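What follows is one structure encoded as structure tokens, with my remarks underneath.
Chains as they are written, first to last, in the working numbering: chain W, 1 to 226; chain Z, 227 to 645.
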């Protein structure tokens, strides 16, 4: 997958690039409006990450230009402004998703994947992890062609794991992905464990390998050997 | 009271006092003038009689006591010094059948060797008559003053004060959110021009300050979130490396602090936004619906904490508020009730058309309950709490002119919101 990251902050850019390159993505970057404009106009990308506040112009303007030449490109806005206006404007302009800083890299990755899946044509809605296959359109999960009955939260959890294979995901990260801001104020995150236990049990009963590995004291890892 | 009415009343009060004093003085001046005039007339008469006596005319038979032409001339047995006596007296008036005040003049004159006593008297103008005349005149003047004052007042309030009223109206309609300062309009009155210019400068400054403040709040939030983002990412990348469980714990603790810092800056930015009146457009928000939906979203956490939630909600209760604020208000209230609860505790929510009451079991607060609405005031040392939730609630409530109270009694925290 080919990505363009429009972000003026070097460190942040490096974080994103480091994380995504490990996934085998081709990452290009643009640090100001002019660079972003040139790249968007000259090349095509699968997904473009856009920071709204960039030197020399607005990320929203880049989005507008991109939409005019390449409307099928997936776009995710990254903004430090949790301003409703920007969010609405960005989504109205055709952005596929909107993330507020500070975000989690696994969350960003999951969203990139989700956006990319939506951009693809039919048949590409299947995410395969060895014997497990997840149909993101019908939200059905099968293990060796046998359907597994999962709750919506368990489905989300599995999809999130499959998007972040071999990464350590903390309980906090998982909780925030599944419940968003609601978990902001909760100190007890035991319910994450509860959901993982159930998911694990269901997958094992269906005959899948146990990919979910507990990382002591921090969280979980979806371990898939390549 | 309107300025013109006040001015009018003050003016009339002064007029009445002035006219009163004027009337009182006029009365004495008129009376004095009339009396003096009568005295001069009598003195004149005495002089003529004296002249006639000198000419040798005998008045012995010609004493008349006819009304105002009365004259009594009598010869005195001895010689006296010439003298004039004037005094007031009452004389019986035949026609009016009553005693009337009169002026009596007695003059002593010596003509040749004989001394004469010349007496005459005349009716004074009645004091009642003077009073009546003066009062009548004054009432006329007063009447005309009132008409004049009202007329002037009308013109003043309509014409003269028009620029003032226009300015007032523009100030009333002025809102910072529009970011439109009031422009001064030319009038031909110096004071109004000064006022308008002042208002223009002031609103210019207010708008500039508002924009600055807004930008600062936004920038501060932005500038803070970016480095936080970086640290967060670095820590995430760090967890990908080979860390010992102990090192993971440190990373996890740092992550939590970063999350808290980021929430803190978001909450402060939100408070600033509310204080900057960015959410002033209100609409009717179905509060019952918001509560019902959120209790569903929180269901899992409620069950996990073993909480028992009782709701008694009236259908379709509406509040006038910005929808975002209504949502934040309720979420904060409800999250507080969950967060500050005890294991296996309860939450009770009652919504009527007049009030929303949310109670939850919990530890007794360590500081007085009304102080908890202040910023960074925390009842317990729960580290995940940043202490801005109730300040945000209070700001929202104040801005929408509702009232809120917080009570703690017998292990129950109760927050009541009058709507």
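All C-beta atoms in this analysis are idealised placements derived from N, C-alpha and C, irrespective of residue type, glycine included. Values in this document were obtained by computation on a predicted structure and should not be read as measured data.
Residue-level contact check: residue 625 of chain Z does not touch chain W, since none of the beta carbons of chain W fall below 8 Å from its beta carbon. Within the segment 9-32 of chain W, the residues whose Cβ lies closer than 8 Å to some Cβ of chain Z are 9, 11, 12, 15, 16, 18, 19 and 22, listed in chain order. Residues of chain W whose Cβ lies closer than 9 Å to the Cβ of residue 522 of chain Z do not exist; the shortest such Cβ separation is about 11 Å. Closer than 8 Å to the CB of residue 191 of chain W there is at least one CB belonging to chain Z. Going by C-alpha positions, residue 543 of chain Z is about 6 Å away from residue 512 of chain Z. Of the other Cβ atoms in all chains shown, 16 or more fall within 10 Å of the Cβ of residue 179 of chain W; this residue is therefore buried. Residue 547 of chain Z: member of the beta strand (DSSP E) spanning 544-547, first to last residue.
Counting only the Cα atoms, residue 562 of chain Z lies some 25 Å from residue 451 of chain Z. Between residue 598 of chain Z and the set Z:621, Z:581 and Z:582, the nearest pair of CA atoms involves Z:621.
Residue environment analysis places residue 471 of chain Z among the exposed positions, since fewer than 16 neighbouring C-beta atoms fall within 10 angstroms of its C-beta. With a threshold of 16 other beta carbon atoms within 10 Å, residue 358 of chain Z falls short and is exposed.
By the Cβ neighbour-count rule, residue 172 of chain W is buried, with 16 or more other Cβ atoms within 10 Å of its own. In the DSSP assignment, no residue is bridged to residue 55 of chain W.
Here the alpha carbon of residue 550 of chain Z sits roughly 14 Å from the alpha carbon of residue 517 of chain Z. Among the residues facing chain Z, residue 109 of chain W is not included, as its CB has no counterpart in that chain under 8 Å away. For residue 31 of chain W, same chain residues with a beta-carbon under 6 Å away, outside a window of 5 residues either side, are 8 in chain order. The alpha helix (DSSP H) runs lying completely inside the segment 510-574 of chain Z and spanning 4 residues or more are 513-523, 525-530 and 549-565, given in chain order. According to the DSSP assignment, residue 133 of chain W belongs to the beta strand (DSSP E) that extends over 132-135. With a cutoff of 8 Å on beta-carbon distance, residue 493 of chain Z and residue 643 of chain Z are scored as not near each other.
When DSSP states are grouped into helix, strand and coil, residue 361 of chain Z belongs to the helix group.
In the three-state DSSP reduction, residue 2 of chain W falls in the strand class (E or B). What residue 172 of chain W touches in chain Z, judged by beta-carbon distance under 8 Å, is 478, 481, 482 and 485, going in chain order.
Nearest Cα to residue 2 of chain W within the set W:15, W:10, W:40 and W:33: W:40. The three-state secondary structure of residue 349 of chain Z, taken from DSSP, is strand. Per the C-alpha coordinates, the member of Z:354, Z:483, Z:632 and Z:570 positioned closest to residue 600 of chain Z is Z:632.
Taking 9 Å as the cut-off between beta carbons, the residues of the segment 447-466 of chain Z near chain W are 447, 448, 449, 450, 451, 452, 453, 454, 455, 456, 457, 458, 459, 460, 462, 463, 465 and 466, in sequence order. Counting other Cβ atoms within 10 Å of its Cβ, residue 270 of chain Z stays below 16 and is therefore classed as exposed. With a 10 Å radius around the Cβ and a threshold of 16 neighbouring Cβ atoms, residue 207 of chain W comes out exposed. Residue burial is scored here from C-beta neighbours: residue 366 of chain Z has fewer than 16 other C-beta atoms within 10 angstroms and is therefore classed as exposed. Separation of the CB atoms of residue 224 of chain W and residue 211 of chain W is rounded to 6 Å, and the pair is thereby assigned contact status at 8 Å. Distance from the CA atom of residue 230 of chain Z to the CA atom of residue 413 of chain Z, rounded to whole angstroms, is 20 Å.
Against residue 488 of chain Z, the close residues of chain W are 102, in the order they occur along the chain (beta-carbon pairs closer than 7 Å). In the DSSP annotation of this structure, the continuous segment of the alpha helix (DSSP H) that includes residue 153 of chain W starts and ends at 152-163. Taking a beta-carbon distance threshold of 8 Å, residue 526 of chain Z counts as an interface residue toward chain W. Fully enclosed beta strand (DSSP E) runs of no fewer than 3 residues occupy 298-302 and 309-319 of the segment 276-327 of chain Z, in order along the chain. One finds 217 in chain W with Cβ atoms closer than 7 Å to the Cβ of residue 475 of chain Z, taken in chain order.
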